[in-house]
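Those protein sequences? They're chains Y and E, same order as listed. Mapped onto numbering that gives the first Met the number 0, the consecutive letters of the first sequence carry residue numbers 0 to 264. Mapped onto numbering that gives the first Met the number 0, the consecutive letters of the second sequence carry residue numbers 0 to 91. One structure is given here, and the rest of the page talks about it.
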Amino acid sequence: MAGRVIVVTSGKGGVGKTTTAANIGAGLALLGRKVCLIDADIGLRNLDVVLGLENRIVYDLTDVVEGSCRLRQALIKDKRTENLYLLPAAQTKEKDAVAPDQMRTLCDELREEFEYILVDCPAGIERGFKNAIAGADEAIIVTTPEVAAVRDADRIIGLLEAAELYEPRLIVNRIRPQMVRKGDMMGIEDIIEILAIDLLGVVPDDEDIIVSTNRGEPVVMDRRSRAGQAYSNIARRLEGIDVPFLSLEDDGWVARLKRAILGHS
Amino acid sequence: MIDFLRQFWNRDTDSSKQIAKERLRLVLVHDRVNVSPSLLEALKVDLMEVISKYMEIEETGLEVNLDKSDNSVALVANIPVKRMKRAVDQSR
Ligand SMILES: Nc1ncnc2c1ncn2[C@@H]1O[C@H](COP(=O)(O)OP(=O)(O)OP(=O)(O)O)[C@@H](O)[C@H]1O
Ligand SMILES: [Mg+2]
């Protein structure tokens, strides 16, 4: 088996990389794929908390590359989803404890066993970013509809290109349809036109994300949430399925009622 | 009703969305130019090669720059010509 290594990156901090990686990972696992999530944000680990796995960590990414444990010992199996594993970041080590070619070797080893390897990248464009993208074949860029975030996304596209990672795909996170309609937030078309890259998904700003993060359960497991549906759509698009984008208008009471009764498929 | 009216007003260029788009467009025009100084060097070498097929040029006097004004960028090249060639030189 030769799995796909996909890095989730953004440049700007706090736009939703970790949330995105966790939910796409869980979404793909729900589709029956074997998925490994790598937390490459060394020193600021988060992915374990978002997934509710923080109490199970024994070894971490740095232990694996340093050879202090075997890969298998560091992988944590998700408690709800079959096929989903986490390789946590070290919390107390320096970012330069890992080097790009060590990341490459690690990703190649994981490729043998997993169909998807998703790498949660730290914010910024320094060492941590370079490590996180080193082993990747594809990149997902997360942005929010704000000038600073889109500007940083543009910078990242350039840096990915320089690292020979071509054709990254974009996720626009925290869209607020009402504000877009009122002319107070940039819309998807605006952002896509400016960045000139392909759109992978649109995730609404959604309180369900906060609730699910509090619980340590990815929102994609909640079939009634809009954000959950958005992530599930993204997972299916990665699988090559042609899923229409969530319509911004589709938030009237009819749509909400339909979701409440039927859930999303 | 208020929302309805606002939608009309916001067709204007001063909705915050339009302002954001315009600011973003400008900032990226400048960012993208600044990203790669080595790109201009590479362009210079390629330009020299192509132009030398048609004319003899003063290679040391060759200048290639990006001129930035407030809302546009232009590629400006100053290439001193020593002599025109009579035929296109295919060997280069
Ligand atoms: N679509 C959304 N709706 C509501 N809240 C969101 C959404 N996406 C992310 N958030 C919240 O925004 C915060 C930042 O998200 P997250 O940690 O995923 O960002 P990040 O890009 O990984 O940050 P960092 O750069 O620090 O690693 C979190 O509190 C998360 O719950
Ligand atoms: Mg993060």
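Every residue, glycine too, gets a C-beta built ideally from N, C-alpha and C. Remember, it's a predicted structure, so these values are computed and weren't measured experimentally.
Next on the checklist: Below 8 Å on the Cβ atoms is my contact criterion, and I expect Gly127(Y) with Leu105(Y) to pass it. Report the Cβ-Cβ distance as a whole number of Å.
Outcome noted: Contact doesn't hold; Cβ gap of about 15 Å is too wide.
Checklist entry - Would the C-beta of Gly16(Y) count as close to ligand 2, meaning under 8 Å from any of its heavy atoms? => result Correcting the residue identity first, residue 16(Y) is Lys in this sequence and not Gly. The answer is yes for Lys16(Y).
Checklist entry - Which residues in the same chain as Glu62(E) place their Cβ atom closer than 6 Å to its Cβ, once the five residues preceding and following it in sequence are excluded? => result Asn77
Checklist entry - Are the region 54-70 of chain Y and the region 224-231 of chain Y touching by the rule of at least three beta carbon pairs closer than 8 Å? => result no
Checklist entry - If you pair each beta-carbon of the region 34-54 of chain Y with each one of the region 136-151 of chain Y, do three or more pairs fall below 8 Å? => result no
Item to check | Through-space distance from Ile191(Y) to Val137(Y), alpha-carbon basis | outcome: Per the sequence shown, the amino acid found at residue 137(Y) is Glu instead of Val. Near 18 Å, if we compare the C-alpha coordinates of Ile191(Y) and Glu137(Y).
Checklist entry - Any heavy atom of ligand 1 closer than 8 Å to the CB of Gly51(Y)? => result no
Next on the checklist: Output needed in chain order: residues of the region 139-164 of chain Y with a Cβ under 7 Å from some Cβ in chain E.
Outcome noted: Val146, Val149, Arg150, Asp153, Arg154, Gly157
Item to check | Extent of the continuous alpha helix (DSSP H) run through Glu163(Y) | outcome: Careful: Glu163(Y) lies outside any alpha helix (DSSP H) and carries neither H nor E.
Next on the checklist: In the DSSP assignment, the beta strand (DSSP E) including Lys33(Y) goes from what residue to what residue?
Outcome noted: Premise fails: Lys33(Y) is in no beta strand (DSSP E) and is neither H nor E.
Next on the checklist: What I want to know is whether the C-beta of Asp119(Y) ends up closer than 8 Å to one or more non-hydrogen atoms of ligand 1.
Outcome noted: yes
Next on the checklist: Counting C-beta neighbours from all protein chains within 10 Å, is the total for Gly352(Y) 16 or more, i.e. buried, or is it exposed?
Outcome noted: Past the edges of chain Y, shown from 0 to 264, lies residue 352(Y), and the structure says nothing about it.
Checklist entry - Would you say the region 115-132 of chain Y touches the region 68-81 of chain Y, given that touching needs at least three Cβ pairs under 8 Å? => result no
Checklist entry - Can you find a C-beta in chain Y that's less than 9 Å from the C-beta of Lys20(E)? => result yes
Checklist entry - For Asp62(Y), which of helix, strand or coil comes out of DSSP? => result helix
Next on the checklist: Can you tell me whether Ser264(Y) is helix, strand or coil according to DSSP?
Outcome noted: Bear in mind that a pLDDT of 45 at Ser264(Y), under 50, signals an unreliable position, so the model cannot answer this.
Checklist entry - Quick one: what does DSSP say Gly10(Y) is sitting in, helix, strand or coil? => result coil
Item to check | chain Y contact for Ser14(E) (CB, 9 Å cutoff) | outcome: yes
Next on the checklist: Taking its Cβ as the centre, do 16 or more other Cβ atoms sit within 10 Å of Tyr165(Y), making it buried, or is it exposed?
Outcome noted: exposed
Checklist entry - If contact means a Cβ-Cβ distance below 7 Å, which residues of the region 192-223 of chain Y contact chain E? => result Ile193
Checklist entry - Along the chain, where does the alpha helix (DSSP H) that runs through Leu46(Y) open and close? => result 46-49
Next on the checklist: Here's a check: name, in chain order, each residue in its chain whose Cβ is nearer than 6 Å to the Cβ of Ile55(E), leaving out the five neighbours to either side.
Outcome noted: First, the residue type needs correcting, since residue 55(E) is Glu and not Ile in the sequence shown. These residues qualify, in order along the chain: Lys81, Arg82.
Item to check | Short CB-CB distance (under 9 Å) between Gly123(Y) and chain E | outcome: no
Checklist entry - Can Leu43(Y) be considered in contact with ligand 2, in the sense that its beta carbon sits closer than 8 Å to one or more heavy atoms? => result yes
Next on the checklist: Going by DSSP, what residue range makes up the alpha helix (DSSP H) through Met102(Y)?
Outcome noted: 99-110
Next on the checklist: Ile233(Y) and Leu194(Y) - do their beta-carbons sit closer together than 9 Å?
Outcome noted: no
Checklist entry - Name the residues in the region 47-70 of chain E whose C-beta lies less than 9 Å from a C-beta of chain Y; which are they? => result none
Checklist entry - For Leu27(Y), which residues from the same chain have a beta carbon less than 6 Å from its beta carbon, with the 5 sequence-adjacent residues on both sides left out? => result Val34, Tyr115, Ala234
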